[in-house]
Ligand code: URA
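Numbering (the numbering used here), first residue to last: 8 to 217.
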């Protein structure tokens with residue numbers, strides 16, 4: 008994957024995203040749509056997974072057929088909203104290993120602080136897909152990728168539902184080697200760090216909190 012940012016403009020993705028943005032959409036439907044869109048985005052973000060061949064026999068003849076190579080990929084949820092994207096990817100890649108990164112924002116320094124980090128072993132030999140629905144300022148995403156690199160990851164992709172130009176720029180500055188796949192590049196961040204037009208607080212909408 009060479010492009011730094013890929014916006015998946017497939018009609019199904021865009022249709023489902025519009026339903027998710029609508030403030031009248033229920034928690035249950037929001038969660039279901041996020042899972043469905045993530046499946047479609049996962050198809051795009053896993054392009055370029057390493058392949059090998061396996062010798063098999065079809066009912067007709069023998070052949071060397073393509074099959075995924077190497078270690079199972081690692082899927083890493085950036086807590087808590089990233090959890091809403093896990094099932095969509097796991098539906099397509101059930102054998103993926105799963106990790107979690109928890110970060111909160113220090114109210115004085117405004118910098119992300121780690122409170123949880125648990126990832127599969129052998130990250131350096133796996134494709135790592137970090138998931139977080141909202142790439143807003145990019146500060147926590149960049150910090151999460153820092154932690155994954157410190158843990159040995161070298162092939163990292165970032166999968167989100169919405170991206171703000173500010174977040175994409177921050178990620179490009181900090182991690183130009185990490186391609187981003189998203190369903191939309193929205194207009195801007197507002198003064199409170201929300202994506203505009205966005206969809207509000209993704210965590211609150213998927214978990215029914217306020
Ligand atoms: N996180 C969200 O959940 N929504 C935004 O708009 C920005 C960050």
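Glycine included, every Cβ here is placed at the ideal spot set by N, Cα and C.
Note that the structure is predicted; figures quoted are calculated from it, not measured.
- In terms of side-chain proximity, the C-beta atom of residue 208 is found nearer than 8 Å to a non-hydrogen atom of the ligand URA.
- In this structure, residue 190 lies near residue 21, with their beta-carbon atoms less than 9 Å apart.
- Closest in C-alpha terms to residue 60, from the list 87, 77, 45, 67, comes 77.
- For residue 135, there is no enclosing alpha helix (DSSP H); the residue is found in the beta strand (DSSP E) stretching over 134–138.
- The straight-line gap separating the alpha-carbon atoms of residue 42 and residue 94 is approximately 6 Å.
- Here residue 183 has 11 as same chain residues with Cβ atoms under 8 Å from its own Cβ, once five neighbours each way along the sequence are excluded.
- Within the same chain, and ignoring the five residues on either side of residue 89 in sequence, the residues whose Cβ sits closer than 6 Å to its Cβ are 138, 139.
- Here the distance from the Cβ of residue 41 to the nearest heavy atom of the ligand URA is not below 8 Å.
- Just measuring C-alpha positions, the residue of 107, 116, 170 sitting nearest residue 15 is 170.
- When Cβ pairs closer than 8 Å are counted between the two stretches, the segment 95–106 is seen to touch the segment 119–128, the count reaching three or more.
- For residue 119, the CB stays at least 8 Å from every heavy atom of the ligand URA.
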